[in-house]
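Each remark here refers to the structure printed beneath this line.
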Amino acid sequence: MMETSVIQKIGQRIRDIRKQRGWSQEELGEKAGFHFSYIGGVERAEKNITLVNLLKIADALDVQIMDLFMYTKYQESALNEKDELLNQIIHTLVSLKKRDLRKVQVMLDEFFEK
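First residue of the sequence shown: 74, per our numbering; consecutive thereafter.
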């Protein structure tokens with residue numbers, strides 16, 4: 074079922090980001106204003122989370138809500154050191170404004186002589 078698959082992927086993405094931060098379900102729950110059992114239910118795809126609650130969790134994780142939908146490209150399971158570094162860079166870049174991203178692109182082009 075398509076809906077279940079999406080809910081599972083978003084729940085896994087929330088779990089991955091939470092674990093990357095080194096937080097327990099209880100810590101995320103406190104920051105987002107939910108009981109830890111609700112966070113667990115979301116991560117296990119037992120809860121059909123509303124957009125409002127998804128936004129609260131994204132805010133608590135300090136990510137944009139769209140980051141929670143980036144589960145196909147940037148899954149966090151069994152990352153090696155290079156993958157971990159790339160995820161940190163991506164997390165930083167996603168939060169930049171368009172003009173700042175252009176500056177980063179110019180800097181990278183100059184640095185790597187493209």
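We put the CB at the ideal spot given by N, CA and C, even for glycine.
Quick caveat: nothing in here was measured; it's all calculated off a predicted structure.
Through-space distance from residue j to residue i, alpha-carbon basis
| i | j | result |
| --- | --- | --- |
| W96 | S78 | 25 Å |
| D20 | D89 | Not covered by the structure: residue 20. The range shown for the chain is 74 to 187. |
| R175 | L158 | 21 Å |
| Y147 | N160 | The pLDDT assigned to Y147 is 46, lower than 50, so where the model puts this residue is not dependable; a value taken from the coordinates is nonetheless given after this. Whole-angstrom Cα-Cα distance: 7 Å. |
| M139 | Q93 | 17 Å |
| F184 | K170 | 21 Å |
| E149 | V115 | Because E149 carries a pLDDT of 46, less than 50, the predicted location of this residue cannot be relied on, and no value is offered for it. |
| L124 | R172 | 29 Å |
Helix, strand or coil at residue i according to DSSP, with G and I counted as helix
| i | result |
| --- | --- |
| M143 | coil |
| L169 | coil |
| I83 | helix |
| K176 | helix |
| V136 | coil |
| E99 | helix |
Beta-carbon spacing of residue i, residue j below 8 Å
| i | j | result |
| --- | --- | --- |
| L141 | R86 | yes |
| I162 | A118 | no |
| S168 | Q137 | yes |
| V179 | L166 | no |
Closest residue to residue i among the options (Cα-Cα distance)
| i | options | result |
| --- | --- | --- |
| K82 | Q93, E186, M143 | M143 |
| K129 | N121, G113, F107, E116 | F107 |
Residue i beta carbon near the ligand SAH (any heavy atom closer than 7 Å)
| i | result |
| --- | --- |
| L134 | Inclusion of the ligand SAH in the displayed structure is not the case, the ligand content being empty and no account of it being possible. |
* Assess, as a yes-or-no matter, whether the region 98-108 is touched by the region 132-140 under the definition of 3 or more beta carbon pairs within less than 8 Å. => yes
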